[in-house]
Amino acid sequence: MSDEKNLTPEMEAAVPAAEFESLDDEETIVILDDVDVPPADLSAENTGIGDAAASDEEGDDAFSAPSEYQERERGDRSRPGSDIRVDDINFKNISLLSRFLDRRGRIMSRRKTRVSAKVQRRVVREIKRARHLALLPYTADQTRQVRRRR
Amino acid sequence: MNGAELREYELVFALQPGLDESAIASFEKRVADVISGQGGQNIVTEPWGRRTLAYPIKRYYEAYYFLQRFAMPPSGADEVERTLRFSEDVVRYLLIRTDE
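From first to last, the protein sequence lines are chains A and B. My numbering puts the first residue of the first sequence at 1, with every later residue one more than the last. My numbering puts the first residue of the second sequence at 1, with every later residue one more than the last.
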């Protein structure tokens, strides 16, 4: 968390670049999804990224929010694991792991999570373990099935 | 037990929701017996209770979860896994080392 401020300029550059790259493959859809709807659905489903919310007005220089807001929004949105401790990453910690899933239940790429390779590897491994035990869904669709039934 | 090195394990298993309490208790005991029979020690059981599954398994929507932590010589792992694999009431299980 403490290095968030130093990172911000870097990330301002990085985010548009990432979105641009993905225009040429099918991931475009995903990114649109994420920008549009994430907070409501995610926080409803799990402990989600709640306030990753309204960073829609990004790159809008005319409007300038107080700087602490800008930083927090960016930081939260692009780094779901910024406050993570490696020892906390295990398949039982579902609330933590679910922050690394997108709306469809897919594991987010490192480009989006912005965590270190070490952390990402562990997160991926533990998510897969949790999925095997039916603690996390393989697709968001599966969760809907269970909900409908109850 | 036989002086072989012990390793730390963590076992999670999910039992199908149709079981009554005595069946659950006896199965849990059976697993613990197998573990100690294989030289397992310090068995700590942590019942998670009845949980909703993230996706349906064999038409089940819920299951009883148990977590067990123990130390056991590695030779016992096969036997523990076999017990779980061959029991029809076990919906899912996961046996992993925690000391690496």
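The beta carbon of each residue, even a glycine, is placed where N, CA and C say it ideally should be.
Exercise. Take A63(B) and list the residues in its own chain whose beta-carbon comes closer than 8 Å to its own, dropping the five residues that flank it on each side.
Key: Residue numbering aside, residue 63(B) sits at position 63 when the second sequence is read from its first letter. Cβ neighbours of A63(B) beyond the five flanking positions: A14, L15, Q16, P17, R50, R51, L53, I57, V91, R92.
Quiz item: R97(B) lies in the alpha helix (DSSP H); which residues open and close that run?
Solution: As a working note, residue 97(B) is residue 97 in the second sequence. First-last for R97(B): 90–97, but that is the beta strand (DSSP E), not the alpha helix (DSSP H).
Quiz item: Just how far apart, CA to CA, sit E88(B) and R114(A)?
Solution: Residue numbering aside, residue 88(B) sits at position 88 when the second sequence is read from its first letter. Residue numbering aside, residue 114(A) sits at position 114 when the first sequence is read from its first letter. Distance between the alpha carbons of E88(B) and R114(A): 42 Å.
Quiz item: Which whole-angstrom value is the C-beta distance of V124(A) and I84(A), which I expect to be below 8 Å?
Solution: Locating residue 124(A) in the first sequence gives position 124, counting from the first residue. Locating residue 84(A) in the first sequence gives position 84, counting from the first residue. Not quite, the Cβ-Cβ distance comes to about 13 Å (not below 8 Å), so this is no contact.
Quiz item: When you compare only the Cα positions, how much space is there between L94(B) and R129(A)?
Solution: For this step, residue 94(B) is matched to residue 94 along the second sequence. For this step, residue 129(A) is matched to residue 129 along the first sequence. The straight-line gap from Cα to Cα measures roughly 8 Å.
Self-check item: Exposure label - K29(B); buried when at least 16 CB within 10 Å
Solution: The sequence position of residue 29(B) within the second sequence is 29, counting from 1. Counting Cβ neighbours within 10 Å, K29(B) comes out exposed, since fewer than 16 surround it.
Quiz prompt | Any chain B beta carbon closer than 8 Å to R106(A) | solution = In the first sequence, counting from the first residue as 1, residue 106(A) sits at position 106. So, not an interface residue.
Quiz prompt | Local Cβ density within 10 Å of E10(B), reported as buried at 16 or more and exposed below that | solution = Taking the first residue of the second sequence as position 1, residue 10(B) is located at position 10. By the neighbour-count rule (16 or more Cβ atoms within 10 Å), E10(B) is buried.
Quiz prompt | Top-ranked residue by Cα proximity to R82(B), from V31(B), V44(B), T45(B) | solution = In the second sequence, the residue the question calls residue 82(B) occupies position 82. Looking at the Cα atoms, V31(B) is the closest of the given residues.
Quiz item: Is it true that the CB of L19(B) sits closer than 8 Å to the CB of A71(B)?
Solution: Sequence index remark: in the second sequence, residue 71(B) carries index 71 (1-based). Sequence index remark: in the second sequence, residue 19(B) carries index 19 (1-based). Their beta carbons are not under 8 Å apart, which means A71(B) does not touch L19(B) by this criterion.
Quiz item: Who are the Cβ neighbours of I96(B) in its own chain at under 6 Å, not counting the five residues just before and after it?
Solution: For the purposes of this step, residue 96(B) is taken as residue 96 along the second sequence, with counting starting at 1. Only E10 meet the Cβ criterion.
Quiz item: Beta-carbon of V119(A) versus every beta-carbon of chain B: anything under 8 Å?
Solution: Your numbering for residue 119(A) matches position 119 in the first sequence. No, V119(A) does not count as interfacial toward chain B.
Quiz prompt | Proximity of V80(B) and Q38(B) at Cβ, strictly below 8 Å | solution = Taking the first residue of the second sequence as 1, we reach residue 80(B) at position 80. Taking the first residue of the second sequence as 1, we reach residue 38(B) at position 38. Contact: yes.
Quiz prompt | Check whether I94(A) and L101(A) have beta carbons under 8 Å apart | solution = The residue you call residue 94(A) lines up with position 94 of the first sequence. The residue you call residue 101(A) lines up with position 101 of the first sequence. Cβ distance not < 8 Å, so I94(A) and L101(A) don't count as in contact.
Quiz item: Sorted by chain position, which residues of the same chain lie with C-beta nearer than 7 Å to V34(B)'s C-beta, five sequence neighbours on each side aside?
Solution: Indexing the second sequence from 1 puts residue 34(B) at position 34. These residues qualify, in order along the chain: E79, V80, T83.
Quiz item: Shorter than 8 Å from the beta carbon of V90(B) to some beta carbon of chain A?
Solution: The residue you call residue 90(B) lines up with position 90 of the second sequence. It does not; no Cβ of chain A falls within 8 Å.
Quiz prompt | Of the residues V86(A), R149(A), R104(A), R148(A), the one placed nearest S116(A), counting alpha carbons only | solution = Indexing the first sequence from 1 puts residue 116(A) at position 116. Nearest of V86(A), R149(A), R104(A), R148(A) to S116(A), Cα basis: V86(A).
Practice problem: Taking only beta-carbon positions, decide if L94(B) is within less than 8 Å of chain A. | Solution: Translated into positions along the second sequence, residue 94(B) becomes position 94. Judged by the 8 Å Cβ criterion, L94(B) is in contact with chain A.
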